[in-house]
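Q: FYI, the numbering for the sequence shown is 2 to 128, going by this note's numbering.
No residue lacks a Cβ here, since even glycine has one placed at the ideal position from N, Cα and C.
One structure is given below, represented as structure tokens, and several questions about it will come after.
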Amino acid sequence: CLQGAGIAGLGDLCSQFIEKEKRVSSGRIARASATGVFYNGLLLPYYYDAIQGVFPSRKPVFVLIKVLIDSFLWGFFGNFSLVAVRRYLEGSPAVESVRYAQSVIWPVFKSDFTVWTTYNALCYGAI
């Protein structure tokens, strides 16, 4: 859980620098860390165990299936919910948070697919 919080908090701090925020928002970092505890610390290990439990083989066809399932479930739905929850925690109403997630999900999904597909293929193939 601490690792998930640390990664999400550090990622948000980097994002604030990239976005050239005039002042670093410790509240934003705290909210990112809180979502990191849930998504990366609590949910993600069970998610990977479930995929591995359903497809325990490391044969290339099963690695491909796991990567595609991961891209669809975590890459799309996981990121969609994460964006909506983060927006909601920033103070936006729930409906507006979902609309915002709908407006940004495709670039987020494309980025996730570009970065994590290779990583997941290596992990599913080796673990």
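1. Can you tell which of Gly76, Gly12 and Tyr125 has the C-alpha that lies nearest to the C-alpha of Phe110?
2. Keeping to the same chain, check which residues put their C-beta closer than 7 Å to that of Ile135; ignore five residues upstream and five downstream.
3. Closest to Ser104 by CA distance: which of Ala6, Ala85, Ala127 and Lys67 is it?
4. Can you tell me where the alpha helix (DSSP H) with Ser104 in it begins and where it stops?
5. What is the DSSP secondary structure of Ser16, reduced to helix, strand or coil?
6. Could you check whether Gly126 and Arg59 sit closer than 8 Å to each other, using their CB atoms as the reference points?
7. What is the residue span of the alpha helix (DSSP H) that Asn80 lies within?
A: From the atom records:
1. As a position in the sequence shown, residue 110 is number 109, starting the count at 1. Answer by Cα proximity: Gly76.
2. Any property of residue 135 remains undetermined from this structure, which presents the chain solely from 2 to 128.
3. Taking the sequence shown and counting its residues from 1, one reaches residue 104 at position 103. For the residues Ala6, Ala85, Ala127 and Lys67, the minimum Cα distance to Ser104 belongs to Ala85.
4. Counted from its first residue, the sequence shown places residue 104 at position 103. Counting along the chain, the alpha helix (DSSP H) containing Ser104 begins and ends at Ala95 to Ala127.
5. By 1-based counting over the sequence shown, the position of residue 16 is 15. Three-state result, Ser16: helix.
6. The sequence position of residue 59 within the sequence shown is 58, counting from 1. The sequence position of residue 126 within the sequence shown is 125, counting from 1. Contact flag set, yes.
7. Within the sequence shown, residue 80 is the residue found at index 79, counting from 1. Asn80 to Leu90 is the extent of the alpha helix (DSSP H) around Asn80.
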